[in-house]
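Chains as they are written, first to last, in the numbering used here: chain A, 45 to 351; chain B, 375 to 847. Where a beta carbon is used, it is the ideal one built from N, C-alpha and C, also for glycine.
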Amino acid sequence: MPENNDGTTRPALSRRTFLKLAGAGVLGLTVAGQGLRILTARAESRTEATTAPIGKGKRLRRWSAVIDLRRCDGCQSAGTAPQCAEACIRGRFLPEPMQWIEVYEHELPGGGTRFMPTPCMQCQNPPCVNVCPVAATWSTPEGIVLIDQRRCIGCRLCMAACPYERRFFLWGDPPLPPEAALVDYSPVHQIGAPKGTVMKCDFCTDMTSSGRLPYCAQACPNNAIYFGDLEEDLATNGRNVVMLSSFLSNNGAFRSKEDLGTKPRVYYIPGQGQDVGRSPFTKGLKPVEWPWDKTTEGAKTWKRSSR
Amino acid sequence: MEAVKPVVDFEDRLEERAFSPLSHISAKYALLVAVLLVFIGLGVYAYQTQFREGLVVTGMRDRISWGLYVTMFVFFIGISMAGTLISAILRIAHAEWRLPITRMAEFVTVAALVIAPVFILLDMGQPTRLSNLFIFGRWQSPLTWDVFGLTTYLIGSAIYLYLALIPDLALCRDSKRLKSHPLKWLFKAFAVEWRGTHSQHHRLARTLGIFMIVIIPVAVSMHTVTSWIFAMTLREPWDSTMYAAYFVGGALYSGVGVLIILMAVLRKAFHLEEYFKLQHFKNLGYMLAAFSLIVMFFNVSEYVTEGFKLKGDMHLYLERMFVGPLAPYYWTYALSGMVLPALLVAIPATRRSIGFIVLAALLANIGMWIERYLIVVGGLSLPLQPYHPAIYSPTWVEWSLMAAGIAGFILLITLIVKIVPAVAVWEMLEHRKPKPVEEPVEELEQTRQPGLRVKLGSPFPEKPTPPVDGGRK
Numbered sequence: 045m046p047e048n049n050d051g052t053t054r055p056a057l058s059r060r061t062f063l064k065l066a067g068a069g070v071l072g073l074t075v076a077g078q079g080l081r082i083l084t085a086r087a088e089s090r091t092e093a094t095t096a097p098i099g100k101g102k103r104l105r106r107w108s109a110v111i112d113l114r115r116c117d118g119c120q121s122a123g124t125a126p127q128c129a130e131a132c133i134r135g136r137f138l139p140e141p142m143q144w145i146e147v148y149e150h151e152l153p154g155g156g157t158r159f160m161p162t163p164c165m166q167c168q169n170p171p172c173v174n175v176c177p178v179a180a181t182w183s184t185p186e187g188i189v190l191i192d193q194r195r196c197i198g199c200r201l202c203m204a205a206c207p208y209e210r211r212f213f214l215w216g217d218p219p220l221p222p223e224a225a226l227v228d229y230s231p232v233h234q235i236g237a238p239k240g241t242v243m244k245c246d247f248c249t250d251m252t253s254s255g256r257l258p259y260c261a262q263a264c265p266n267n268a269i270y271f272g273d274l275e276e277d278l279a280t281n282g283r284n285v286v287m288l289s290s291f292l293s294n295n296g297a298f299r300s301k302e303d304l305g306t307k308p309r310v311y312y313i314p315g316q317g318q319d320v321g322r323s324p325f326t327k328g329l330k331p332v333e334w335p336w337d338k339t340t341e342g343a344k345t346w347k348r349s350s351r
Numbered sequence: 375m376e377a378v379k380p381v382v383d384f385e386d387r388l389e390e391r392a393f394s395p396l397s398h399i400s401a402k403y404a405l406l407v408a409v410l411l412v413f414i415g416l417g418v419y420a421y422q423t424q425f426r427e428g429l430v431v432t433g434m435r436d437r438i439s440w441g442l443y444v445t446m447f448v449f450f451i452g453i454s455m456a457g458t459l460i461s462a463i464l465r466i467a468h469a470e471w472r473l474p475i476t477r478m479a480e481f482v483t484v485a486a487l488v489i490a491p492v493f494i495l496l497d498m499g500q501p502t503r504l505s506n507l508f509i510f511g512r513w514q515s516p517l518t519w520d521v522f523g524l525t526t527y528l529i530g531s532a533i534y535l536y537l538a539l540i541p542d543l544a545l546c547r548d549s550k551r552l553k554s555h556p557l558k559w560l561f562k563a564f565a566v567e568w569r570g571t572h573s574q575h576h577r578l579a580r581t582l583g584i585f586m587i588v589i590i591p592v593a594v595s596m597h598t599v600t601s602w603i604f605a606m607t608l609r610e611p612w613d614s615t616m617y618a619a620y621f622v623g624g625a626l627y628s629g630v631g632v633l634i635i636l637m638a639v640l641r642k643a644f645h646l647e648e649y650f651k652l653q654h655f656k657n658l659g660y661m662l663a664a665f666s667l668i669v670m671f672f673n674v675s676e677y678v679t680e681g682f683k684l685k686g687d688m689h690l691y692l693e694r695m696f697v698g699p700l701a702p703y704y705w706t707y708a709l710s711g712m713v714l715p716a717l718l719v720a721i722p723a724t725r726r727s728i729g730f731i732v733l734a735a736l737l738a739n740i741g742m743w744i745e746r747y748l749i750v751v752g753g754l755s756l757p758l759q760p761y762h763p764a765i766y767s768p769t770w771v772e773w774s775l776m777a778a779g780i781a782g783f784i785l786l787i788t789l790i791v792k793i794v795p796a797v798a799v800w801e802m803l804e805h806r807k808p809k810p811v812e813e814p815v816e817e818l819e820q821t822r823q824p825g826l827r828v829k830l831g832s833p834f835p836e837k838p839t840p841p842v843d844g845g846r847k
């Protein structure tokens, strides 16, 4: 061992060598980490169903929804719970108490209420995507925010970040009916997601990309929900086809919590159900029901809050 | 030899006091460890339940999706400030009264930083995917910043604690008192051939000098990114630019509080009355009071500006907090968690008693725990859609895991004070020594940096400078 002036021994490993070794170690770990990442990445699942370009060109769908509040009476006239929410629950096997599209009753300044069906806003500046530590939630090129529940670690930072409260957690094992076993898991429909992960409205892009309307739009008895493509500038509620841009402009459309800068893809036409004969002073909604506790053995569900 | 006799006496007594806890295990100690293990065992059972059933066994739900776990995480991160503050800041300031307490402060930091991430793990819905944070980590996410901050801070504080331990490990290795100690090999291995030569002192002083400077910004960034987990969201109660400063202030406050409590406990348990004097409690008490004023200032600054404008849903939020269902929490925190501790230190009659200063520290930490709970649960309870504010009530699983976490924190400290001396023996000896090893005093006087001294009352008579502090060249 080398000696210092005062007679003490100096370690064989000098500072210079140590720093070199440490640098090489860090570099090695980084390379190994990236290699592991490439080996374990499951990129194919992220893009499959949603990014297929339309036609021959490179045009991409820009999915959006328009909800005509003039035609929404919270299903008061039908005498049922909001059918958009119930169809969504049945179509996506949502456990209680999830309502990916939920009809909220907002107070009007002059008294009375209006109903606002509220799906995921599919923000173009999505706070949930911005905070996710593992890129388990991401924006597709078509503008839809999806979740890969095989990667989600369940930290719920996205739920804290979402200003619309449109994210839901699988607090326990969801009670899935037998038919749910017929589909393999995909982030596009989220059926089969394990407990301890986050779920949300996916705009039913598995259906819209094959020309069908999402469950909520199909189910609305008043045809209040339009789905469309900003790129093609068309939208339909299943009965009428409208030119999306002029439909929004001519009817004074707005977006929810616009001032937050989240840039939603869901637009609302102001109204309180007047086009389907609702008075704003007829208040109240029927509660939504989940059929699974009757159809699935040993289903364990939970409530919205502790009590 | 007669001239140095009292010094030798001091040395001898100090060694005896500092090393005696290491050499035997009392029945009380074993009982404490057993009780702590029972709590941890309960926590393990609770976690088993949670792992099997999912987070459905907790009181958290979609509307209030974070609860006690995140509260405890923020609380322990806050406590971790103790070490940096006392040890690094006071070391830089050459405040010599810190000497007996730096070691404990560093224990608190390391133990708190080991326990805090456990609560993140407990809160995760898919804990087995923890590695995703490293495999798929997005550097843009505030949670990733926290992972970086926490690992850096933990490793940094552990090294800092160890560096300042080396000479004491050598003392343990060479001590006659610990001749047949079962961990003698450990002392020998970790003392890394320390013989107290001038060049060793010099190198240690330089390394400690670098670390004490570097660890302060690391600690500040840790509390900053912890606050940003909240402040990076659009929720109105959290959407504040002063959150980072608020968290740093709160961390200083609760960190000093925990240190005072630990000091009082060890003073009694290990009979360290000679080294932890009233003056130490007073000095730390002054710091506690100062930090409580800072936290009060942040409260006023935040709530007066928000309350004056009542933008958006802040009306509902402030109403709930000041007069609504959260009011009992808020006013307990404000009055007995901030005002009362400051008063207990400010009033000379109560300040003269260690008991009252410890009470102030205890109240401060209960208050800060409530404050963390209010931030997490109170912030989430503000509805974002038209419905009545949700309610969160923790279940037995969460309470058990919270108790287990606190027990784990106490256990870590309980174990570490049995393994290594709880006071920095060598630093106190250096301070007493008339001259350092193989080095003339005059040379030292020149390298001393004047003006950096904090003149808080020192419990020790002033003696020439310790070589370590002034050893920079």
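For Val75 of chain A, no Cβ of chain B is located within less than 9 Å of the residue's own Cβ. Proximity of chain A to Ser515 of chain B at the Cβ level (cut-off 7 Å) is accounted for by Val175, Cys176, Pro177, in chain order. DSSP places Met688 of chain B within a helical segment (H, G or I) once states are collapsed to three. Residue-level contact by beta carbon fails for Val332 of chain A and chain B, as no gap is shorter than 9 Å.
For Asp273 of chain A, the closest alpha carbon among the candidates A:Lys330, A:Arg103, A:Thr326 is that of A:Arg103. Unbroken beta strand (DSSP E) runs of no fewer than 3 residues, entirely contained in the stretch 605-631 of chain B, are not found. For Thr340 of chain A, the closest Cβ of chain B is not nearer than 9 Å. For Cys199 of chain A, the CB contacts under 8 Å within the same chain, skipping 5 residues up- and downstream, are Pro177 in chain order.
Lys239 of chain A sits buried, since 16 or more C-beta atoms from the chains shown fall within 10 Å of its C-beta. Judged by DSSP in its simplified three-state form, Tyr148 of chain A adopts strand. Not a single CB atom of chain B sits nearer than 9 Å to the CB of Phe291 of chain A. In the three-state reduction of the DSSP assignment, Phe137 of chain A falls in the coil class, being assigned neither a helical nor a strand state.
Membership of Asp273 of chain A in any alpha helix (DSSP H) is not indicated; the residue belongs instead to the beta strand (DSSP E) covering 269-273. Less than 9 Å separates the beta-carbon of Phe564 of chain B from that of Ile540 of chain B.
Of all residues in the stretch 241-253 of chain A, the ones placed with a Cβ closer than 9 Å to any Cβ belonging to chain B are Thr241, Val242, in chain order. Between Val320 of chain A and Arg115 of chain A, the C-beta gap is smaller than 9 Å, which places the two residues in contact.
Not one beta carbon of chain A lies nearer than 9 Å to the beta carbon of Glu693 of chain B. Annotated three-state conformation of Thr432 of chain B is coil, per DSSP. Residue pairing from DSSP places Tyr312 of chain A in a beta bridge opposite A:Ile111, A:Phe298. Under the 9 Å criterion on CB atoms, Met498 of chain B is classed as interfacial with respect to chain A.
Contacts with chain B at 9 Å (Cβ-Cβ) do not include Pro231 of chain A. Per DSSP, Thr345 of chain A lies in no alpha helix (DSSP H) segment and is marked neither H nor E. Taking a Cβ-Cβ cut-off of 8 Å, the neighbours of Glu149 of chain A in chain B comprise Pro760, given in sequence order. For Leu278 of chain A, the pairing in a beta bridge is given by DSSP as A:Asp273, A:Met287. Within 7 Å of the CB of Lys347 of chain A, the CB atoms of chain B belong to Arg435, in sequence order along the chain. For Pro161 of chain A, the enclosing beta strand (DSSP E) covers residues 157-162. If you draw a 10 Å sphere on the C-beta of Arg426 of chain B, you find fewer than 16 other C-beta atoms in it, and that means exposed. In the structure shown, Thr340 of chain A adopts coil according to DSSP, grouped into three states.
Here the alpha carbon of Phe413 of chain B sits roughly 10 Å from the alpha carbon of Val407 of chain B. Taken atom to atom, the span from the alpha-carbon of Ala764 of chain B to that of Ile787 of chain B is near 38 Å.
Taking C-beta atoms as the reference points, Ile235 of chain A and Val227 of chain A count as a pair closer than 9 Å. Counted as a single uninterrupted DSSP element, the beta strand (DSSP E) harbouring Leu190 of chain A occupies residues 189-191. Using beta-carbon distances, Tyr259 of chain A does not count as an interface residue toward chain B, since no partner is under 9 Å. Nearest C-alpha to Ile721 of chain B among B:Tyr660, B:Leu578, B:Val448, B:Val430: B:Tyr660.
Proximity of Phe212 of chain A to chain B, defined by a Cβ-Cβ separation below 9 Å, is satisfied. The stretch 441-448 of chain B makes contact with the stretch 735-752 of chain B, as at least three CB pairs between them are under 8 Å.
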